[in-house]
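For the sequence shown, this note's numbering assigns the number 2 to the initial residue and increments by one for each residue that follows.
A virtual CB, placed ideally from N, CA and C, is assigned to each residue, including glycine.
Scroll down for the structure; my scribbles are underneath it.
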Amino acid sequence: MNKPVDVIIISWNRTVETIAAMESALVQRGVDQRIYVLDQGSAPENLEKLRHFVAQHPKIKFMEIGRNLGVAGGRNIASGMGKAPYIVSLDNDAVFADPYVLAGTIDRVGVDFVELADIDPIYYERAYYLAPRDEANE
């Protein structure tokens, strides 16, 4: 069974790059990925392109907040959009190097997380941009 993972992407007016990032997340293999895109106030013509792309892909959920909260603010909101035990933040101007990046990363982090269960999850998230969800706060 594939491990569930949330891929979060924050966007702001980089439509071509954001669509490439979403495509890169969609083709990941060996995981059950859900993709959450948070738009932080893109221009109307860019929003229309993003909406059109997202409408064709049921694994992508799209939220518009209408203003730019910055990287940290956007990631905080986007992180709360899903429910998977792992969150991966993908910059909207980046793509995964190959279709097995997420699966390989989750496999390694999952093993490490069991062994390092007492480490502060906030430190863990900053160090790896991957954080198991805190089930107590759901």
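Open item on the list: Suppose contacts are defined by Cβ-Cβ distances below 9 Å. Is Leu91 in contact with Val8 by that definition?
Closed with: Working through the sequence shown from its first residue, we reach residue 91 at position 90. Working through the sequence shown from its first residue, we reach residue 8 at position 7. Yes, the pair counts as a contact, with Cβ atoms nearer than the cut-off.
Open item on the list: Quick check: what's the CA-CA separation for Leu39 versus Ala26?
Closed with: The residue you call residue 39 lines up with position 38 of the sequence shown. The residue you call residue 26 lines up with position 25 of the sequence shown. Cα to Cα, Leu39 sits roughly 15 Å from Ala26.
- [ ] Go through the stretch 35 to 89 residue by residue and report every complete run of the alpha helix (DSSP H) that reaches 4 residues or more, in order.
- [x] DSSP runs (the alpha helix (DSSP H)) wholly in the stretch 35 to 89: 45 to 56, 71 to 80.
Open item on the list: If I measure Cβ to Cβ from Gly67 and keep anything under 6 Å in the same chain, skipping five residues before and after, which residues do I get?
Closed with: Against the sequence shown, residue 67 aligns to sequence position 66. Gly42.
Task: Buried versus exposed, by CB contacts within 10 Å (16 or more), Arg30 - done: Here residue 30 refers to the residue found at position 29 when the sequence shown is read from its first residue. Exposed, because fewer than 16 other Cβ atoms sit within 10 Å of the Cβ of Arg30.
TODO: Quick one: give me the first and last residue of the alpha helix (DSSP H) that Val28 is part of.
DONE: Within the sequence shown, residue 28 is the residue found at index 27, counting from 1. It is not in any alpha helix (DSSP H) - Val28 carries neither H nor E in the DSSP assignment.
Open item on the list: Pull the bridge partners of Ile9 from the DSSP assignment, please.
Closed with: Translated into positions along the sequence shown, residue 9 becomes position 8. The partner list for Ile9 (beta bridge, DSSP) reads Tyr37, Ser90.
TODO: Use the C-beta contact count for Gly105: other C-beta atoms within 10 angstroms, 16 or more gives buried, fewer gives exposed.
DONE: Numbered from its first residue, the sequence shown carries residue 105 at position 104. By the neighbour-count rule (16 or more Cβ atoms within 10 Å), Gly105 is not buried but exposed.
Task: Cut-off 6 Å between Cβ atoms - residues of its own chain near Gly75, not counting five sequence neighbours on either side - done: Start at 1 with the first residue of the sequence shown, and residue 75 comes out as number 74. Within the same chain, Gly75 has close Cβ partners Ile11, Leu39, Gln41.
Task: Of the listed residues Ala95, Val28, Asp33, nearest to Asp108 (C-alpha basis) - done: Working through the sequence shown from its first residue, we reach residue 108 at position 107. Of the candidates Ala95, Val28, Asp33, the residue whose Cα lies closest to the Cα of Asp108 is Asp33.
Open item on the list: So the candidates are Asn69, Lys60, Val72, Met23; which of them puts its Cα closest to the Cα of Lys50?
Closed with: The sequence position of residue 50 within the sequence shown is 49, counting from 1. When only C-alpha atoms are compared, the closest one is Met23.
Task: Proximity to Leu48 [Cα-Cα], best of Ser80, Asn77, Trp13 - done: Here residue 48 refers to the residue found at position 47 when the sequence shown is read from its first residue. Taking only the C-alpha atoms, the option nearest Leu48 is Trp13.
Open item on the list: For Asn171, which residues in the same chain have their Cβ closer than 7 Å to its Cβ, ignoring the five residues on either side in sequence?
Closed with: Because the chain spans 2 through 139 in this model, residue 171 falls outside it and cannot be assessed.
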